[in-house]
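Below is one structure, written out as structure tokens; comments come after it.
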Amino acid sequence: MGDKAKSAKPFDPMEPWRGARDVYLDAWAKTMVDMVNTEAYAQATGTMLDMYLTASTPFREAVEKAMLKTLEQLAMPSRADVVSIAERMTNIEMRLDDLDAKLDVIRGLIASAGRASRAEPVRAAPVSRKPIAKKTAKKRKK
Amino acid sequence: MAETTVMTDPVTDAVDQLKRFTKVMTTRAAIAQTPKELIWTLNKAKLYRYMPVVPKEKRHPVPLLLVFALMNRPYILDLRPGHSFVEYMVNQGYDLYLLDWGAPGPEDKNLKFDDYTLDYMPRAIRKMKAVSGSEEFSLLGWCIGAILTTIYASLRGDEGLRNLILLTAPLDFSNKQGITFARWTDERFFDVEKVLATFGNMPGEMIDYGAKALKPVENYIGNFVKLWDNLDDPRVVEAWHAMNTWVTDNVPLAGGVFRQLIVDLYRNDRLMCGELMIRGERVDVSRIKANLLTVIAEGDHITPGCQSESINGKVSSADKELFRISGGHIGIMAGSGAAKHTWPHINGWLAPRSR
Numbered sequence: 002m003g004d005k006a007k008s009a010k011p012f013d014p015m016e017p018w019r020g021a022r023d024v025y026l027d028a029w030a031k032t033m034v035d036m037v038n039t040e041a042y043a044q045a046t047g048t049m050l051d052m053y054l055t056a057s058t059p060f061r062e063a064v065e066k067a068m069l070k071t072l073e074q075l076a077m078p079s080r081a082d083v084v085s086i087a088e089r090m091t092n093i094e095m096r097l098d099d100l101d102a103k104l105d106v107i108r109g110l111i112a113s114a115g116r117a118s119r120a121e122p123v124r125a126a127p128v129s130r131k132p133i134a135k136k137t138a139k140k141r142k143k
Numbered sequence: 006m007a008e009t010t011v012m013t014d015p016v017t018d019a020v021d022q023l024k025r026f027t028k029v030m031t032t033r034a035a036i037a038q039t040p041k042e043l044i045w046t047l048n049k050a051k052l053y054r055y056m057p058v059v060p061k062e063k064r065h066p067v068p069l070l071l072v073f074a075l076m077n078r079p080y081i082l083d084l085r086p087g088h089s090f091v092e093y094m095v096n097q098g099y100d101l102y103l104l105d106w107g108a109p110g111p112e113d114k115n116l117k118f119d120d121y122t123l124d125y126m127p128r129a130i131r132k133m134k135a136v137s138g139s140e141e142f143s144l145l146g147w148c149i150g151a152i153l154t155t156i157y158a159s160l161r162g163d164e165g166l167r168n169l170i171l172l173t174a175p176l177d178f179s180n181k182q183g184i185t186f187a188r189w190t191d192e193r194f195f196d197v198e199k200v201l202a203t204f205g206n207m208p209g210e211m212i213d214y215g216a217k218a219l220k221p222v223e224n225y226i227g228n229f230v231k232l233w234d235n236l237d238d239p240r241v242v243e244a245w246h247a248m249n250t251w252v253t254d255n256v257p258l259a260g261g262v263f264r265q266l267i268v269d270l271y272r273n274d275r276l277m278c279g280e281l282m283i284r285g286e287r288v289d290v291s292r293i294k295a296n297l298l299t300v301i302a303e304g305d306h307i308t309p310g311c312q313s314e315s316i317n318g319k320v321s322s323a324d325k326e327l328f329r330i331s332g333g334h335i336g337i338m339a340g341s342g343a344a345k346h347t348w349p350h351i352n353g354w355l356a357p358r359s360r
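For the protein sequence lines, the chains are A and B, in the order given.
Start counting the first sequence at 2; every next residue gets the next number (our numbering).
Start counting the second sequence at 6; every next residue gets the next number (our numbering).
Shown next as structure tokens:
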């Protein structure tokens with residue numbers, strides 16, 4: 002019984018239909034691939050896109066003009082203003098990135114100088130300790 | 006032995022299937038889960054470093070930077086745990102970085118290949134070098150990412166590029182009859198300037214339509230039929246769900262890049278002819294000296310093999326290999342066979358060259 006239950010396969014009345022469907026889809030897929038590879042298809046899609054763009058342009062321009070006037074009336078920034086700010090932000094980011102690169106170079110130089118000084122200890126030059134604190138204190142008194 | 010037949014209620018089954026189908030279609034799968042840190046940003050671009058899982062002494066010293074296409078999300082490289090190229094490469098001991106271009110806004114409509122290859126990529130690579138501590142690095146470019154890496158390697162290849170991997174790279178546009186996109190974007194039928202004047206950037210939905218229309222029955226019908234037939238198989242459903250999450254997450258293409266892609270590449274094949282100018286510099290692929298692995302997907306309908314074959318003959322690299330593998334444009338890296346075939350081959354090629 003156990004073996005029978007394991008080998009039991011649910012009856013699926015849709016199975017033959019699925020087989021026929023797959024054969025039909027395969028044939029249709031091949032036909033469509035051939036069709037989209039033709040110049041006629043390229044021309045048809047190009048024409049449709051062109052018609053859409055031509056038809057939508059006057060409406061789009063009208064909406065843009067109306068929106069611009071509305072935003073001006075409301076003293077709010079237009080899309081062009083926001084785009085301009087975004088472009089300036091990118092420029093600032095680039096300058097910051099340049100600074101970051103220079104900092105990396107300086108950090109590398111300091112690290113290599115530190116390694117070199119540890120490898121070859123040089124006698125430190127005598128440092129004259131000027132009484133800076135006293136001088137400033139005198140200046141303040143004056 | 007005759008099989009026992011068990012009658013089921015087709016109506017109840019169909020309702021259950023419909024519920025599962027709707028759930029998969031209306032939710033997003035958990036994707037891109039390999040741990041990573043953000044180490045650099047510029048405008049919309051982000052550079053991630055994946056957390057190494059292999060001890061430093063066992064890791065490959067040469068870091069690897071992944072550069073994906075501009076008009077799709079790069080998490081296809083890290084689709085889901087257990088089925089992720091990123092996860093696989095991190096486990097193989099690579100110091101791995103991913104450049105995510107982000108989605109361009111209206112302010113980015115003038116971005117061109119020039120900006121991506123001479124501003125964004127060198128800066129991201131500089132940061133990667135600083136973080137990894139290595140002056141040499143490897144680049145992996147996929148699809149449009151392969152165009153970017155090829156241009157970068159031609160112009161700035163002497164700045165530490167040791168290994169270059171090009172996956173399904175659309176570089177050679179000379180065979181117009183073999184490239185469906187070339188036919189669709191022919192200047193007799195397709196007005197680039199009119200499209201860009203209307204939209205600024207090329208909308209992601211239009212790019213998606215273009216990619217799907219190459220195989221309309223498979224993409225618009227067969228794909229969903231496959232899901233419906235396999236709703237009882239959680240492995241198939243999980244894979245389908247993750248892939249659908251990626252496929253439906255479209256990104257526009259910056260107007261300037263789209264113009265260059267159509268006019269300079271698809272129509273005039275300027276890259277392989279050595280006529281492509283990037284900020285006044287001629288892109289000469291013969292200047293590429295890095296070790297080169299070109300991967301061609303034999304069933305690729307988006308980038309047919311004829312677009313990638315000739316690059317190996319034009320570069321100056323002494324060490325180069327052309328690897329053909331059965332599968333589609335995305336399937337070779339994200340399909341069920343990728344972990345058995347493509348990823349091990351890339352690792353096998355790259356590992357000895359990353360020491």
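Just so it is clear, CB atoms sit at the ideal spot from N, CA and C, and this is done for glycine as well.
Item checked: is_contact[Val197(B), chain A] using C-beta, thresh 8 Å -> Residue-level contact by beta carbon fails for Val197(B) and chain A, as no gap is shorter than 8 Å.
Item checked: Alpha-carbon spacing of Gly106(A) relative to Met126(B), whole angstroms -> According to the sequence as given, residue 106(A) is Val; it is not Gly. Distance between the alpha carbons of Val106(A) and Met126(B): 19 Å.
Next item on the list: Report yes if the C-beta distance between Glu140(B) and Gly162(B) is below 8 Å; otherwise report no.
Entry: no
Notebook entry, point to check: Tell me the DSSP bridge mates of Met282(B)?
Noted result: Arg287(B)
Note to self: Using a Cβ-Cβ distance cut-off of 8 Å, determine whether Gly260(B) contacts chain A.
What the structure shows: The beta-carbon of Gly260(B) is placed no less than 8 Å from the nearest beta-carbon of chain A.
Margin query: Given a cut-off of 8 Å on the beta-carbon distance, is the pair Asn296(B) and Asp324(B) in contact?
Written below: By the CB criterion at 8 Å, Asn296(B) and Asp324(B) fall inside the cutoff.
Checklist line | the region 252–264 of chain B contacting the region 106–125 of chain B, beta-carbon criterion three pairs below 8 Å | finding: yes
Checklist line | Member of Val58(B), Ser89(B), Ala19(B), Thr154(B) whose CA lies at the smallest distance from the CA of Val72(B) | finding: Thr154(B)
Notebook entry, point to check: Mapping DSSP to helix, strand and coil, what is Ser359(B)?
Noted result: helix
Notebook entry, point to check: How about Val226(B): is its C-beta nearer than 8 Å to some C-beta of chain A?
Noted result: Rather than Val, the amino acid found at residue 226(B) in this sequence is Ile. Ile226(B) counts as touching chain A.
Item checked: Residue from Arg360(B), Asn317(B), Leu52(B), Glu303(B) whose Cα sits closest to the Cα of Gly336(B) -> For the residues Arg360(B), Asn317(B), Leu52(B), Glu303(B), the minimum Cα distance to Gly336(B) belongs to Glu303(B).
Check: From what residue to what residue does the alpha helix (DSSP H) around Lys66(A) run?
Finding: 40–74
Notebook entry, point to check: Secondary structure at Phe90(B), three-state DSSP: helix, strand or coil?
Noted result: Note: Phe90(B) maps to helix in three-state DSSP.
Check: Got a sec: is the Cβ-Cβ distance from Gln74(A) to anything in chain B below 8 Å?
Finding: no
Notebook entry, point to check: Where does Gly146(B) fall in DSSP's three states?
Noted result: strand
Next item on the list: With DSSP as the reference, label Trp106(B) as helix, strand or coil.
Entry: coil
Check: Does any CB atom of chain A fall closer than 8 Å to the CB of Gly110(B)?
Finding: yes
Note to self: Let me see if you follow: with CB-CB separation under 8 Å, is Asp191(B) close to chain A or not?
What the structure shows: yes
Next item on the list: Please name the residue, chosen from Ala35(B), Thr203(B), Ile316(B), that lies closest to Ala63(A) on a Cα-to-Cα basis.
Entry: Thr203(B)
Next item on the list: Give the straight-line distance between the Cα atoms of Asp289(B) and Arg131(B), rounded to the nearest whole angstrom.
Entry: Cα to Cα, the separation comes out at about 23 Å.
Next item on the list: Tell me whether the beta-carbon of Met90(A) lies closer than 8 Å to the beta-carbon of Val222(B).
Entry: no
Next item on the list: Indicate whether at least one CB of chain B lies closer than 8 Å to the CB of Asp35(A).
Entry: no
Note to self: Just to confirm my understanding: we take Thr122(B), look at its own chain, exclude 5 residues before and 5 after, and list those with CB closer than 7 Å. What are they?
What the structure shows: Leu153, Ile156, Tyr157, Leu160, Ile283
Notebook entry, point to check: For Thr203(B), which residues in chain A fall below 8 Å Cβ to Cβ?
Noted result: Leu54, Ser57, Thr58, Arg61
Note to self: Ignoring anything shorter than 4 residues, give me the alpha helix (DSSP H) runs that lie fully in the region 230–313 of chain B, in order along the chain.
What the structure shows: 239–252, 260–264
Item checked: Residues within the region 40–52 of chain B neighbouring chain C, beta-carbon criterion of under 7 Å -> As a matter of chain content, chain C is missing from the structure shown, whose protein chains are A and B.
Next item on the list: Note down, in chain order, every chain B residue with its Cβ under 9 Å from the Cβ of Ala30(A).
Entry: Lys220, Pro221, Val222, Glu223, Ile226, Gly227
Margin query: Shorter than 7 Å, the distance from the beta carbon of Tyr121(B) to the closest heavy atom of the ligand ZN, or not?
Written below: Absent from the structure shown: the ligand ZN. Ligands present: none.
Margin query: Distance check for Met30(B) and Ala343(B), CA to CA, integer angstroms please.
Written below: Ala343(B) and Met30(B) have their C-alpha atoms some 25 Å from each other.
Next item on the list: Name, please, each residue of chain B whose Cβ falls closer than 7 Å to the Cβ of Glu40(A).
Entry: Arg188
Notebook entry, point to check: In chain A, what lies closer than 7 Å to Ala135(B) by C-beta?
Noted result: Here the neighbours are Asp105.
Next item on the list: Compare the C-beta of Met14(A) with all C-beta atoms of chain B and state if any pair is closer than 8 Å.
Entry: One point to set straight first is that residue 14(A) is Pro, not Met, in the sequence displayed. For Pro14(A), the answer is yes, since a Cβ of chain B falls inside 8 Å of its Cβ.
Check: Among residues of its own chain, excluding the 5 on either side of Cys278(B), which ones have a beta-carbon nearer than 6 Å to its beta-carbon?
Finding: none
Next item on the list: With a threshold of 16 other CB atoms inside 10 Å of the CB of Val95(B), please say whether the residue is buried or exposed.
Entry: buried
Margin query: With a threshold of 8 Å on Cβ separation, who are the neighbours of Gly3(A) within its own chain once the five nearest residues in sequence on each side are excluded?
Written below: The pLDDT assigned to Gly3(A) is 47, lower than 50, so where the model puts this residue is not dependable; a value taken from the coordinates is nonetheless given after this. Nothing meets the Cβ criterion.
Next item on the list: List in chain order: all unbroken alpha helix (DSSP H) runs of 4+ residues lying wholly within the region 15–101 of chain B.
Entry: 15–31, 90–96
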